[in-house]
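J.:
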Amino acid sequence: MGNCLCVHAEQADQHQQDVEPFPGPGRQGGMSKGTKSSNAPVESSEERVEHPLVVLENGNKYTGQWKGGQRDGHGVQEWPDGARFEGQWRNGLAEGYGKFIHADGDVYEGQWKDDKANGQGVYHHADGSRYVGEWKNDQKEGQAVEEWADNSRFEGQYCAGKKHGKGTFSWPEGSSYEGEFQNNEIHGHGSYFWNDGRVYCGQWANNRMSGTGTFTWRDGRRYVGNYLNDKKDGHGVFTWPDGREYVGDWKDGKQHGIGVFKTAKGDFRRGEWKDGTRIRWISEAYREDGKQPGSPREEQKPSNNAIPTPAVPAVPAVPA
Numbered sequence: 000m001g002n003c004l005c006v007h008a009e010q011a012d013q014h015q016q017d018v019e020p021f022p023g024p025g026r027q028g029g030m031s032k033g034t035k036s037s038n039a040p041v042e043s044s045e046e047r048v049e050h051p052l053v054v055l056e057n058g059n060k061y062t063g064q065w066k067g068g069q070r071d072g073h074g075v076q077e078w079p080d081g082a083r084f085e086g087q088w089r090n091g092l093a094e095g096y097g098k099f100i101h102a103d104g105d106v107y108e109g110q111w112k113d114d115k116a117n118g119q120g121v122y123h124h125a126d127g128s129r130y131v132g133e134w135k136n137d138q139k140e141g142q143a144v145e146e147w148a149d150n151s152r153f154e155g156q157y158c159a160g161k162k163h164g165k166g167t168f169s170w171p172e173g174s175s176y177e178g179e180f181q182n183n184e185i186h187g188h189g190s191y192f193w194n195d196g197r198v199y200c201g202q203w204a205n206n207r208m209s210g211t212g213t214f215t216w217r218d219g220r221r222y223v224g225n226y227l228n229d230k231k232d233g234h235g236v237f238t239w240p241d242g243r244e245y246v247g248d249w250k251d252g253k254q255h256g257i258g259v260f261k262t263a264k265g266d267f268r269r270g271e272w273k274d275g276t277r278i279r280w281i282s283e284a285y286r287e288d289g290k291q292p293g294s295p296r297e298e299q300k301p302s303n304n305a306i307p308t309p310a311v312p313a314v315p316a317v318p319a
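According to numbering that gives the first Met the number 0, the sequence shown holds residues 0 to 319 in order.
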């Protein structure tokens, strides 16, 4: 079926959504590890109290509620680089509902626990991409919908920050895939629909058709059999709309080995193929219904009985 070289997801850097809902290690003293030491500037109180602007020792600014010398309740914290968090705090950590605006324009809004995105949340990227769904310890986890600026869209399951489980991915040019993912790659059982009407339903491995599957063309052609790295390989059956059929061995996308060719009139003949070309007939023509076989000329269509299958469009990369 030609060269269907499915691009690995990690090569699609233009789609990468690196998610860091809160400041990284360079911003100590708020919504990152080691924040508790920054709570000292306010007098300890067992009651939740409101304080005006407090400048922390690392230059961060906090305005809001405190309890027991720690940020607790509703508050706003700002970083020197322009990053800003507004939301709920507990024991000096972001906990509950909150909105964090990154210095680069990215925004996370949703649930927090222990200074990390946990629960339902929405991450907006400055380039227009968006993730809406579940989080666990700062990573995408569970059911979600992710959309990219080029109108690519994924709806399905995530695990440890990657597409993992069942989902549906659609590309802007009209192609789509519905099935299983593993570590951001198409892997397992699934169906891929090209925008020209071709459909493959079967097994995948690392973004490639590998295993058993069925490939159909809009004009009625059909292949049922084994694939390896996007190419027919092993045993398979290729059928034409007019009734012709090849049943036999394949290698590297071509007829290779022993097979049986059936003409449109129902005549069968066993032969041997190499690299897509018939090199000899092993049997005379015969029919399963007991009727007299047709003329040898009928058996020669198409030339050498090679499979004239057009190249399969490459499967677009799945954004990480």
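Every residue gets a Cβ at the ideal spot worked out from N, C-alpha and C, and that includes glycine.
Helix, strand or coil: which one does DSSP assign to GLU179?
T.: Strand at GLU179.
J.: Kindly indicate which three-state DSSP category LYS35 falls into: helix, strand or coil?
T.: Because the pLDDT of LYS35 is 36, which lies under 50, any placement of that residue in the model is unreliable, and the number read from its coordinates should be weighed accordingly. DSSP places LYS35 in helix when its eight states are reduced to three.
J.: By how many angstroms is the C-alpha of LYS60 removed from the C-alpha of VAL54?
T.: Cα to Cα, the separation comes out at about 5 Å.
J.: Spatial neighbours of GLU177 within its chain, please: C-beta separation below 7 Å, excluding the five flanking residues on both sides.
T.: Cβ neighbours of GLU177 beyond the five flanking positions: THR167, GLY189, SER190.
J.: Tell me the rounded alpha-carbon separation between ARG152 and ILE185.
T.: Approximately 14 Å between the Cα atoms of the pair.
J.: Please return the same chain residues whose Cβ sits closer than 6 Å to the Cβ of ASN136, not counting the five positions on each side in sequence.
T.: Only LYS115 meet the Cβ criterion.
J.: At which residues does the beta strand (DSSP E) containing THR276 begin and terminate?
T.: Residues 276-280.
J.: For SER128, count the other beta carbons within 10 Å of its own beta carbon; 16 or more makes it buried, fewer makes it exposed. Which is it?
T.: By the neighbour-count rule (16 or more Cβ atoms within 10 Å), SER128 is buried.
J.: Which runs of the beta strand (DSSP E) fall wholly inside the stretch 232-288 and span at least 3 residues, in chain order?
T.: Counting whole runs of 3 or more residues, the stretch 232-288 contains the beta strand (DSSP E) stretches 244-250, 253-261, 267-273, 276-280.
J.: Which one or two residues does DSSP pair with TRP134 in a beta bridge?
T.: BP columns for TRP134 point to GLY118, LYS139.
J.: Using the Cβ count rule (16 or more neighbours within 10 Å means buried), how would you classify PRO22?
T.: Reliability fails at PRO22, whose pLDDT of 49 lies under 50, so the model's placement of it is uncertain and the value that follows must be treated cautiously. So PRO22 ends up on the buried side.
J.: Are GLY258 and LYS250 closer than 9 Å when you measure CB to CB?
T.: Cβ atoms of GLY258 and LYS250: not closer than 9 Å.
J.: Roughly how many whole angstroms lie between the Cα atoms of TYR285 and ARG243?
T.: Approximately 14 Å between the Cα atoms of the pair.
J.: According to the Cβ coordinates, are PHE84 and GLY95 closer than 9 Å?
T.: No, these two residues do not count as a Cβ contact at 9 Å.
J.: With H, G and I counted as helix, E and B as strand and the rest as coil, what does DSSP make of ALA148?
T.: Coil.
J.: Assign GLY104 to one of two classes, buried (16 or more other C-beta atoms within 10 Å of its C-beta) or exposed (fewer than that).
T.: Per the 10 Å Cβ criterion, exposed.
J.: For the stretch 40-120, list the beta strand (DSSP E) runs that are entirely contained and at least 3 residues long, ordered along the chain.
T.: Fully enclosed beta strand (DSSP E) runs of 3 or longer: 48-54, 60-66, 69-77, 83-89, 92-100, 106-112.
J.: Is DSSP giving SER290 helix, strand or coil here?
T.: For clarity, residue 290 is Lys in the given sequence; the question names Ser instead. DSSP places LYS290 in coil when its eight states are reduced to three.
J.: Assuming contact is defined by CB atoms lying nearer than 9 Å, are PHE237 and ARG220 in contact in what I supplied?
T.: Yes, the Cβ-Cβ distance between PHE237 and ARG220 is below 9 Å.
J.: Using beta-carbon positions only, say whether THR215 and ARG197 come within less than 9 Å of one another.
T.: Cβ distance < 9 Å, so THR215 and ARG197 count as in contact.
J.: How about ASN150 and TRP134: do their beta carbons lie closer than 9 Å?
T.: Their beta carbons are not under 9 Å apart, which means ASN150 does not touch TRP134 by this criterion.
J.: Does DSSP put ASN225 in a helix, in a strand, or in coil?
T.: Of the three classes helix, strand and coil, the one that applies to ASN225 here is strand, per DSSP.
J.: Mind reading off the beta-carbon distance from ILE278 to TRP272? Whole number of angstroms is fine, and I expect it under 8 Å.
T.: That pair is a contact at about 7 Å.
J.: For the beta strand (DSSP E) that contains GLU184, what are its first and last residues?
T.: Unbroken beta strand (DSSP E) run through GLU184: 184-192.
J.: Measuring only the C-alpha atoms, how far is VAL223 from ALA143?
T.: Approximately 34 Å, taken between the alpha carbons.
J.: Are the CB atoms of GLU108 and HIS124 nearer to each other than 9 Å?
T.: It is not a contact, given that the beta carbons lie outside the stated cut-off.
J.: Does the distance from the C-beta atom of ALA159 to that of GLN181 stay below 9 Å?
T.: No, Cβ-Cβ distance for ALA159 and GLN181 is not below 9 Å.
J.: Using the three-state DSSP reduction, which class does HIS123 fall into: helix, strand or coil?
T.: Strand, per DSSP.
J.: Specify, as a first and last residue, the run of the beta strand (DSSP E) that SER128 falls within.
T.: Neither: SER128 is in no beta strand (DSSP E) and is coded neither H nor E.
J.: Note the first and the last residue of the continuous beta strand (DSSP E) segment covering SER174.
T.: SER174 -> no beta strand (DSSP E), and no H or E assigned at all.
J.: Tell me whether ALA102 is buried or exposed, calling it buried when 16 or more other Cβ atoms sit within 10 Å of its Cβ.
T.: Per the 10 Å Cβ criterion, exposed.
J.: Would DSSP call GLY164 helix, strand or coil?
T.: GLY164 falls in the strand class under three-state DSSP.
J.: Span of the beta strand (DSSP E) holding ALA159?
T.: Element bounds for ALA159: n/a, residue is neither H nor E.
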